[in-house]
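Asks: In this text, residue positions in the sequence shown follow numbering that gives the first Met the number 0: the first is 0, and each later residue adds one.
Even for Gly, the Cβ is constructed at its ideal location relative to N, Cα and C.
In this text the structure is predicted, and so the values were computed from the model without any measurement.
Dropping a structure here in structure tokens format, bear with me for questions.
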Amino acid sequence: MISHKYWESYHEQLGALDLACHPTSFIPWDWALNVTDIASEWVEQQFAAHIAGRPLVPAPPKLDPETMVACGQLASVLAEAYQHPNINVIRYNEALAKRESGLNDSHEEALLAKFPPTERLVLDRPLVVIDASYQIILWYLPGALNWSLQHDMYTATIRMGNLLKQSITSEKTSTGQASKWRTHATNFYAYQEPQLKPGCINILPCWFQQGHECHGPPPVNPEDGFMPKVSATLKGDRSLSVIRDMQRPGLVSSATLHVMHPQLYRASMSTHVELGHWAAKQGLDDMCKFLQHWTSIYMGVAIMCNRKSPSHRDPKCPPEGFDILTCIGGYGHGIMQLTNLGIELAYDPRVMVGYSGWLVRHGVQVAEGDRIIWAWFMRDSVHN
Numbered sequence: 000m001i002s003h004k005y006w007e008s009y010h011e012q013l014g015a016l017d018l019a020c021h022p023t024s025f026i027p028w029d030w031a032l033n034v035t036d037i038a039s040e041w042v043e044q045q046f047a048a049h050i051a052g053r054p055l056v057p058a059p060p061k062l063d064p065e066t067m068v069a070c071g072q073l074a075s076v077l078a079e080a081y082q083h084p085n086i087n088v089i090r091y092n093e094a095l096a097k098r099e100s101g102l103n104d105s106h107e108e109a110l111l112a113k114f115p116p117t118e119r120l121v122l123d124r125p126l127v128v129i130d131a132s133y134q135i136i137l138w139y140l141p142g143a144l145n146w147s148l149q150h151d152m153y154t155a156t157i158r159m160g161n162l163l164k165q166s167i168t169s170e171k172t173s174t175g176q177a178s179k180w181r182t183h184a185t186n187f188y189a190y191q192e193p194q195l196k197p198g199c200i201n202i203l204p205c206w207f208q209q210g211h212e213c214h215g216p217p218p219v220n221p222e223d224g225f226m227p228k229v230s231a232t233l234k235g236d237r238s239l240s241v242i243r244d245m246q247r248p249g250l251v252s253s254a255t256l257h258v259m260h261p262q263l264y265r266a267s268m269s270t271h272v273e274l275g276h277w278a279a280k281q282g283l284d285d286m287c288k289f290l291q292h293w294t295s296i297y298m299g300v301a302i303m304c305n306r307k308s309p310s311h312r313d314p315k316c317p318p319e320g321f322d323i324l325t326c327i328g329g330y331g332h333g334i335m336q337l338t339n340l341g342i343e344l345a346y347d348p349r350v351m352v353g354y355s356g357w358l359v360r361h362g363v364q365v366a367e368g369d370r371i372i373w374a375w376f377m378r379d380s381v382h383n
């Protein structure tokens, strides 16, 4: 196990954090991202106060009561997880192909045989999982989503019903297999709540369509190959309403990453603002408007309703990034399997999980009941 001295030094560093608010100066004052940054700073301050045993910091006046309560609960669960480390050695990431999807069972079995987990674990309390070099590779946060966040996610998902319904596909390849497993009809199950529609959609204010990904800073002339688009799910009459419905959950996803990975949070914040300025210069009015109202430093979110999730990876996410899964619903006895870590998580409603979707092979099993997942993610081609 990690020595007591190791964690003492960690806690001393947290205890020395400056708890004064330092808003990020490069964010335009009228962007939704401003409130996100204020809330994220406060969550980190609360987190540090919990860890160090110091008095909690009063909430910034710009936060509405519901956001304040949601962020306060998040900080408490993050601190509880941080104080319960669990070691798990992970050594085989270099053996992964660049675009490894994790759907090839025989290849995964070979990897597990070569790099077996040290032990099998079933987890049901907040904690972090640490690799052999003492890097946190997973945050498990059951109970992190308070009632107002659940209400926001539920209401917004219902309003996306037509988009979800239209997302389901039925095409098969020449071998008879489903061509797009994430949206194929065979991977969805019937709803119990009539207002919910099974489906899976991606919502992104800025991304590259398949086959058009590129890397590096945006060129002055978009004809030079840098051609990001607004996702098709944001091209209807309700596009701005969809984004506004998602603002508090988006803010909380950002505040979570501020604690989990502060450097990635800052880099993503900078990317967000630079893309907004670039879109304005190019006359991409919809993209610019959506980025101004987008509260998350994650550039995309996958909305999934009643979808089966076989074990897989997400090869288009940055290897160093943390995806954030948030889950609500009326189901019971959910299990999230992290097969290459030898870990199973109790995956009940209100849970939040942060991990590398590129590295960790993950799948979810639910016996019955409606399940809504919002998966906040980054795209390597956008963020790098």
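So, with DSSP's three-state summary, where would you put residue 182?
Replies: It is coil, neither helix nor strand.
Asks: How should residue 355 be labelled, buried or exposed, when 16 other C-beta atoms within 10 angstroms of its C-beta is the threshold for buried?
Replies: Label assigned to residue 355: buried.
Asks: Just the Cα atoms here: how many angstroms apart are residue 58 and residue 159?
Replies: Using only the alpha carbons, I get a separation of about 32 Å.
Asks: Is the CB-CB distance between residue 78 and residue 126 below 8 Å?
Replies: Going by C-beta atoms, residue 78 is not nearer than 8 Å to residue 126.
Asks: Take residue 345 and list the residues in its own chain whose beta-carbon comes closer than 6 Å to its own, dropping the five residues that flank it on each side.
Replies: Excluding sequence neighbours, residue 345 sits near 123.
Asks: Is there contact here, the stretch 144-152 with the stretch 261-268, by at least three beta-carbon pairs under 8 Å?
Replies: Result no; under three Cβ-Cβ pairs closer than 8 Å.
Asks: In terms of residue numbering, what span does the alpha helix (DSSP H) encompassing residue 46 cover?
Replies: First-last of the alpha helix (DSSP H) with residue 46: 32-51.
Asks: Around the Cβ of residue 240, are there at least 16 other Cβ atoms within 10 angstroms (buried) or fewer (exposed)?
Replies: Per the 10 Å Cβ criterion, exposed.
Asks: Can you tell me which of 275, 310 and 308 puts its alpha carbon nearest to the alpha carbon of residue 294?
Replies: Of the listed residues, the one whose Cα sits closest to residue 294 is 275.
Asks: Which residues in the same chain have their Cβ closer than 7 Å to the Cβ of residue 286, if we skip the five residues on either side of it in sequence?
Replies: These residues qualify, in order along the chain: 204, 205, 229 and 278.
Asks: Just how far apart, CA to CA, sit residue 194 and residue 63?
Replies: Each residue's Cα considered, the two are about 29 Å apart.
Asks: What whole-angstrom Cβ distance do residue 256 and residue 321 have, given they're in contact under 8 Å?
Replies: Indeed, because the Cβ distance is near 6 Å, the residues count as touching under 8 Å.
Asks: In or out: residue 154 buried (at least 16 other Cβ within 10 Å) or exposed?
Replies: Exposed, by the Cβ-count rule.
Asks: Using the rule of at least 16 other Cβ atoms within 10 Å of the residue's Cβ for burial, across every protein chain shown, is residue 325 buried or exposed?
Replies: That one is buried.
Asks: Tell me the rounded alpha-carbon separation between residue 226 and residue 272.
Replies: Distance between the alpha carbons of residue 226 and residue 272 is about 17 Å.
Asks: What is the DSSP secondary structure of residue 376, counted as helix, strand or coil?
Replies: The answer is strand: DSSP assigns residue 376 an E or B state.
Asks: How about residue 303 and residue 377: are their beta carbons less than 8 Å apart?
Replies: Not closer than 8 Å, so no.
Asks: Buried or exposed: residue 25, going by 16 or more other Cβ atoms within 10 Å of its Cβ?
Replies: Exposed: under 16 other Cβ atoms inside 10 Å.
Asks: Can you tell which of 52, 48, 369 and 143 has its C-alpha closest to the C-alpha of residue 252?
Replies: Of the listed residues, the one whose Cα sits closest to residue 252 is 143.
Asks: Residue 371 to residue 248, Cα distance in whole Å?
Replies: Taking the straight line from one Cα to the other gives about 13 Å.
Asks: Residue 343 bridges to which residues according to DSSP?
Replies: DSSP output for residue 343 lists 121 and 336 as bridge partner(s).
Asks: Rounded to whole angstroms, what is the Cα-Cα separation between residue 235 and residue 120?
Replies: Each residue's Cα considered, the two are about 45 Å apart.
Asks: So, using beta-carbon positions, are residue 349 and residue 312 closer together than 8 Å?
Replies: The answer is no: Cβ separation not under 8 Å.
Asks: Have a look at the DSSP bridge pairing and note the partners of residue 370.
Replies: 328, per the DSSP bridge assignment.
Asks: Would you please state the rounded distance, in angstroms, between the beta carbons of residue 56 and residue 72? I believe it to be under 8 Å.
Replies: Contact doesn't hold; Cβ gap of about 15 Å is too wide.
Asks: Reducing DSSP to helix, strand and coil, say where residue 201 ends up.
Replies: The answer is strand: DSSP assigns residue 201 an E or B state.
Asks: What span of residues does the beta strand (DSSP E) with residue 260 cover, start to end?
Replies: Residue 260 -> no beta strand (DSSP E), and no H or E assigned at all.
Asks: Can the beta-carbon of residue 70 be found less than 8 Å from the beta-carbon of residue 47?
Replies: No, the pair does not count as a contact, with Cβ atoms beyond the cut-off.
Asks: Considering Cα atoms alone, identify which of 336, 347, 307 and 351 is closest to residue 183.
Replies: Considering only alpha carbons, the answer is 307.
Asks: Rounded to whole angstroms, what is the Cα-Cα separation between residue 375 and residue 53?
Replies: Approximately 31 Å, taken between the alpha carbons.
Asks: Quick check: the Cα distance between residue 89 and residue 83, rounded to an integer number of angstroms?
Replies: The predicted model places residue 89 with a pLDDT of 49, which falls under 50 and marks its position as unreliable; any figure quoted below should be read in that light. Taking the straight line joining both Cα atoms gives about 19 Å.
Asks: Have a look at residue 198 and residue 162 and give me their C-alpha separation to the nearest angstrom.
Replies: So the two alpha carbons sit approximately 8 Å from each other.
Asks: What residue range does the beta strand (DSSP E) around residue 128 cover?
Replies: Looking at the DSSP string, the run of the beta strand (DSSP E) that includes residue 128 is 126-129.
Asks: Excluding the 5 residues preceding and the 5 following residue 362 in the sequence, name in chain order all residues of the same chain whose CB lies nearer than 8 Å to its CB.
Replies: Excluding residues within five positions, the ones whose Cβ falls inside 8 Å are 308, 309, 310, 311, 335, 336 and 338.
Asks: For residue 166, which residues of its own chain have a beta-carbon under 7 Å away from its beta-carbon, when the five flanking residues on both sides are left out?
Replies: If we look at residue 166 and ignore the five residues flanking it on each side, its Cβ neighbours are 182, 198, 199 and 200.
Asks: Go through its chain and collect everything with a Cβ distance to residue 300's Cβ below 6 Å, but skip five positions before and after it.
Replies: Only 202, 373 and 375 meet the Cβ criterion.
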